[in-house]
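Number of protein chains: 2
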Amino acid sequence: MLKTLTRAAALSALLLATAAHAGPPSEGSGTAWDITAGLTTEIGQRLAGSDREAAARDWAVVRLKALGFDNVRIEPFTFDGWVRGPESASLTAPYPHKLAIAALGYSAPTPKGGINAPLVYFPTLDALKAAPDGSLNGKIAFIDHAMRAAQDGAGYGPYGAARRQGPSIAAAKGAAGVVIRSIGTDWQRNPHTGATSWSKDVTAIPAGAVSNPDADLIARIAKGGKPMILALQLEGKPVPKLPSGNVIAELPGRDPSLPPILVACHLDSWDLGTGAFDDAAGCGIITEAALAAQKEGKALRTIRVLWAGAEEVGVFGGAAYAEAHKNEPHGLAMESDFGADKVWRVQFDFGPGNAALADRIAASLAPIGVVRAGGKANGGADVGAIAKAQKLAVVDLSQDGTRYFDLHHTSDDTLDKVDPAQLAQNVEAWRRVLAIVANEPGPLSGN
Amino acid sequence: MLKTLTRAAALSALLLATAAHAGPPSEGSGTAWDITAGLTTEIGQRLAGSDREAAARDWAVVRLKALGFDNVRIEPFTFDGWVRGPESASLTAPYPHKLAIAALGYSAPTPKGGINAPLVYFPTLDALKAAPDGSLNGKIAFIDHAMRAAQDGAGYGPYGAARRQGPSIAAAKGAAGVVIRSIGTDWQRNPHTGATSWSKDVTAIPAGAVSNPDADLIARIAKGGKPMILALQLEGKPVPKLPSGNVIAELPGRDPSLPPILVACHLDSWDLGTGAFDDAAGCGIITEAALAAQKEGKALRTIRVLWAGAEEVGVFGGAAYAEAHKNEPHGLAMESDFGADKVWRVQFDFGPGNAALADRIAASLAPIGVVRAGGKANGGADVGAIAKAQKLAVVDLSQDGTRYFDLHHTSDDTLDKVDPAQLAQNVEAWRRVLAIVANEPGPLSGN
Ligand SMILES: [Zn+2]
Ligand SMILES: [Zn+2]
Ligand SMILES: [Zn+2]
Ligand SMILES: [Zn+2]
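Same order as they appear, the protein sequences are chains A and B. Each residue of the first sequence is one higher than the one before, counting from 130 in this note's numbering. Each residue of the second sequence is one higher than the one before, counting from 130 in this note's numbering.
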């Protein structure tokens with residue numbers, strides 16, 4: 130196993146180097162590629178609640194019908210959203226520097242003319258937590274961190290707290306604004322956006338993320354000890370009751386009495402890139418795999434595809450799905466929302482009665498380099514609510530996430546980052562799992 | 130040699146992968162690092178003719194005096210320059226997409242409200258050349274190309290023609306504007322700027338470069354055949370008679386009658402990044418190497434350091450130097466302006482009388498992995514004019530350029546891209562050459 134991991138790491142390094150200098154992006158083929166290329170080319174960015182997300186839903190309905198899906202429909206919902214506005218940031222002291230910044234989702238807007246305020250450097254979220262109340266009055270907090278790339282994306286949870294909770298903590302201490310180092314592992318000059326989550330007891334303040342090279346600059350200047358002044362303009366703002374919707378489509382099974390297999394991706398994207406890795410590719414993978422699993426004829430169970438809306442801004446599509454379908458039994462849930470590099474791991478959340486099924490799935494994946502691992506599958510954001518409510522059986526196919534957070538929520542999330550060969554491996558892994566679970570006659574359950 | 134090259138390629142791939150995911154940038158040490166970090170941190174972007182370029186000159190004078198150089202001075206000159214303005218580009222048909230664009234240096238400004246015009250796709254510069262006169266009236270030309278990374282930067286000359294000559298050719302055919310695929314080998318969403326050169330017989334038009342992923346998108350849409358409309362705003366414009374200057378500093382030799390060794394870099398940078406690779410690192414390398422070559426005591430010949438102004442926009446500093454110093458003999462010229470990855474090759478332009486000297490230099494470099502190659506050294510842009518006028522002996526130390534055009538003229542050209550270990554290898558290679566040539570008593574000449 131060590132040998133396998135070492136080889137995988139070497140291959141991964143090689144692939145990364147290749148991807149960075151491969152010449153023109155390869156043209157893929159097949160349904161997964163066509164969906165990924167189509168969404169990113171014909172729709173592009175599709176921020177939750179925007180006209181482009183609505184256009185993406187219409188595009189999806191046409192495309193899914195054309196692919197032979199049944200019961201293709203949009204289940205609309207509304208949610209409290211956020212729109213981006215003009216944004217900029219410049220250090221004006223001790224040295225003038227224009228910074229590459231993006232507002233975080235749910236940032237409050239800066240007042241007209243922006244904010245000019247001292248920038249106070251915190252090397253970690255813990256250091257910010259330790260700052261005395263009121264010590265940030267009229268100041269802008271800068272939160273640094275040190276997230277590293279990991280195959281399983283392990284850094285995103287802990288380091289991502291700087292984005293999710295950091296702004297609330299800064300606001301609670303009186304800050305006029307907050308800027309974080311992007312939650313990302315790249316060294317490009319492209320900031321990573323993403324939603325922040327305001328605590329109930331604070332008033333939202335302007336909140337943005339600068340690119341890693343800009344954060345390095347701030348850290349260097351902070352080390353020099355000279356006071357920093359930041360001119361900050363972030364005009365994005367919350368907007369209540371925006372329209373979104375889930376797109377649902379089915380491949381009916383031979384036995385309609387058996388609960389369906391639910392497979393999900395999300396249709397919305399952040400607005401800086403075109404959402405190829407996050408998550409057009411996921412929609413492509415699950416959709417081609419569902420079709421491929423039926424190539425030999427109808428499966429026993431219905432496979433239901435969910436292209437969820439408004440995931441990025443708070444998993445509103447997943448919540449709407451769970452509410453709308455709470456009285457309907459489901460057999461098993463899976464989701465693809467971690468890019469399209471090769472699947473390297475499978476994990477399960479299966480009840481004791483499904484142990485043999487897990488063994489069969491793991492055996493079918495082993496020949497294509499997918500290793501079974503301990504730990505409990507979590508299913509992903511969009512199927513999370515329904516899986517929890519119904520204690521569903523869940524299978525996680527983990528994509529290699531080594532470069533996922535290089536691209537995540539940046540302007541760099543574009544089609545050229547999707548490697549057609551790795552995308553095809555994803556489809557094959559998903560196809561193998563679906564061909565087994567959709568033909569399972571016995572009861573399915575999680576824990 | 131094949132084996133060596135293969136190992137170098139493998140190492141290079143590894144380094145690239147490492148560089149992309151190395152965690153926080155390493156802190157370097159020593160004079161070369163301090164200059165590179167200082168210029169990029171305390172000055173940042175220093176566009177030719179700007180206040181920041183002037184601040185960089187003052188910073189350089191203070192720094193070079195503190196390092197023990199003599200005759201430190203600024204030789205001012207003026208030149209016809211260019212300033213960037215607000216800039217944006219969006220496809221409005223057949224699909225709406227905001228593009229990442231940067232104006233090229235010497236682009237004409239778009240009229241108030243910008244241009245809305247059909248975008249006509251040309252896969253190559255040759256295809257544009259073949260377009261009938263007048264066929265582009267009222268249209269915007271898009272010039273694609275296919276530059277690949279190369280250790281010696283071989284692609285930049287031929288493919289760079291799309292930037293240098295493409296806009297003039299489009300203007301001659303009546304185009305209202307021109308957009309090119311960035312002259313770069315990366316797949317980041319950051320456009321590469323750089324100067325274009327207008328032919329005498331055309332009127333300048335707005336000219337910009339989109340990032341490679343945006344160019345991919347345009348190419349994909351062009352393939353689909355639906356007409357494209359581009360909304361283009363590029364408010365940058367030429368400005369006559371801007372101030373610049375060369376910073377010159379010397380380490381006087383024991384024999385003032387011997388012509389000096391001239392070593393150059395350029396102090397100005399493009400404005401999108403902080404000019405770490407291009408060319409703060411070059412200034413750091415030549416300066417530390419000059420000092421290190423004198424560590425055992427004064428060299429025989431004076432080493433003159435030239436931190437040239439206004440290189441990026443047309444090598445105005447190099448021309449001003451050649452004019453100001455045309456009546457003064459020089460011994461030999463060298464330049465560092467190709468990043469700071471390891472030096473892998475040495476080439477010479479030495480007259481027949483200096484053949485043995487070339488052999489000694491090559492022998493001193495071989496142990497640190499610098500291979501002697503055929504082909505004639507060219508010296509570089511800033512020393513080009515004086516070297517040509519005086520037929521100077523020239524030594525080229527070629528940095529590995531595999532990733533140079535990933536970063537070149539983009540917002541990504543920042544300090545974290547400079548690897549301290551590779552920077553130190555550059556200094557050592559330069560030190561070895563300078564220690565030999567600055568102690569050469571006999572006459573030096575090129576061809
Ligand atoms: Zn996602
Ligand atoms: Zn996301
Ligand atoms: Zn340069
Ligand atoms: Zn340059």
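Glycine residues also receive a C-beta, built at the ideal position from the N, C-alpha and C atoms.
Item to check | Reduced DSSP category for V566/A - H, G, I as helix; E, B as strand; rest coil | outcome: helix
Checklist entry - Residues of chain A with CB under 7 Å from L346/B, in chain order? => result T170
Next on the checklist: Runs of 4 residues minimum, wholly inside the segment 224-311 of chain A: which ones carry the alpha helix (DSSP H) assignment?
Outcome noted: 254-258, 285-293, 295-301
Next on the checklist: Measuring only from the beta carbon, is E440/B closer than 7 Å to any heavy atom that is part of ligand 3?
Outcome noted: yes
Checklist entry - In chain A, which residues lie less than 7 Å from D545/B when you measure between Cβ atoms? => result Result: W316, P342, D345.
Next on the checklist: Just verifying my parser: in three-state terms, what is the DSSP assignment at V442/B?
Outcome noted: coil
Checklist entry - Hey, is the segment 423-434 of chain B in contact with the segment 204-218 of chain B, meaning 3+ C-beta pairs nearer than 8 Å? => result no
Checklist entry - Using a C-beta cutoff of 8 Å, does D470/B count as contacting chain A? => result no
Checklist entry - alpha helix (DSSP H) containing P342/B: first to last residue? => result 341-353
Checklist entry - Which residues of chain B have a Cβ atom closer than 8 Å to the Cβ of S540/A, listed in chain order? => result By Cβ distance, chain B contributes A229, R318.
Checklist entry - Residue range of the beta strand (DSSP E) that K505/B falls in? => result 500-505
Item to check | chain A contact for H321/B (CB, 8 Å cutoff) | outcome: Taking Cβ atoms only, chain A never reaches closer than 8 Å to H321/B, which makes this a no.
Next on the checklist: Residues in the same chain with beta-carbon distance under 6 Å from D408/B, minus the five sequence neighbours each way, listed in chain order, please.
Outcome noted: C394, H395, D466
Item to check | Contacts of G178/A in chain B (Cβ-Cβ under 9 Å) | outcome: The premise fails here: G178/A is roughly 16 Å from chain B at the closest Cβ pair, so nothing lies under 9 Å.
Checklist entry - What residues come near ligand 3, if near means a beta carbon less than 5 Å from any of its heavy atoms? => result D407/B, D408/B, D466/B
Item to check | In DSSP terms, what H395/A is bridged to | outcome: A437/A
Checklist entry - Run through DSSP, which three-state label would W80/A get? => result Any question about residue 80/A goes unanswered here, given that chain A covers just 130 to 576.
Item to check | At least 3 beta-carbon pairs within less than 8 Å: the segment 246-256 of chain B vs the segment 493-508 of chain B | outcome: no
Checklist entry - Measuring CA to CA, which of R383/A, D535/A, D542/A is closest to T314/A? => result If you compare the alpha carbons of R383/A, D535/A, D542/A with that of T314/A, the shortest gap goes to D535/A.
Checklist entry - Expressed to the nearest angstrom, what Euclidean distance is found between the alpha-carbon atoms of G402/A and D542/A? => result Here the alpha carbons of D542/A and G402/A stand approximately 5 Å from one another.
Next on the checklist: Comparing C-alpha positions only, which one of G530/B, V524/B, T160/B sits nearest to D488/B?
Outcome noted: V524/B
Checklist entry - Under 8 Å between C-beta atoms, does Y224/A make it to chain B? => result yes
Next on the checklist: Could you check whether I230/B and V339/B sit closer than 8 Å to each other, using their CB atoms as the reference points?
Outcome noted: Cβ distance < 8 Å, so V339/B and I230/B count as in contact.
Checklist entry - From the beta carbon of G173/B, is the nearest beta carbon of chain A less than 8 Å away? => result yes
Next on the checklist: Please tell me whether I350/A has its Cβ less than 8 Å away from any Cβ of chain B.
Outcome noted: Output row for I350/A: interface = yes.
Checklist entry - If we cut at 8 Å on Cβ distances, does G289/B have a partner in chain A? => result no
Item to check | For R175/A, the three-state DSSP class (helix, strand or coil) | outcome: coil
Checklist entry - Could you give the C-beta distance for A336/B and V376/B, rounded to a whole number, given that I count them as a contact under 8 Å? => result Contact doesn't hold; Cβ gap of about 31 Å is too wide.
Next on the checklist: Judging by CA-CA distance, which residue of E171/B, A183/B, A166/B is the nearest neighbour of G438/B?
Outcome noted: Residue A183/B is the option with its Cα nearest to G438/B.
Item to check | Check: H538/B C-beta below 7 Å from any heavy atom of ligand 4 | outcome: yes
Next on the checklist: What would DSSP say about I377/A, mapped onto helix, strand or coil?
Outcome noted: Judged by DSSP in its simplified three-state form, I377/A adopts strand.
Next on the checklist: Using only CA atoms, which one of V191/A, K355/A, R293/A, Q476/A lies nearest to S328/A?
Outcome noted: R293/A
Item to check | Close Cβ partners of P296/A (< 6 Å) along its chain, the five nearest in sequence each way excluded | outcome: V307, T325, A336
Next on the checklist: So, for A137/B: in the same chain, excluding its five sequence neighbours on each side, which residues have a beta-carbon less than 6 Å away from its beta-carbon?
Outcome noted: Here A137/B scores only 37 on pLDDT, less than 50, and its place in the model should not be relied on; the value that follows carries that caveat. Closer than 6 Å at the Cβ level, and outside the excluded window around A137/B, lies no residue.
Checklist entry - Taking 8 Å as the CB-CB cut-off, is G243/B touching chain A? => result no
Checklist entry - Interface residues of chain A around G402/B at Cβ under 9 Å? => result In chain order: R318, P342.
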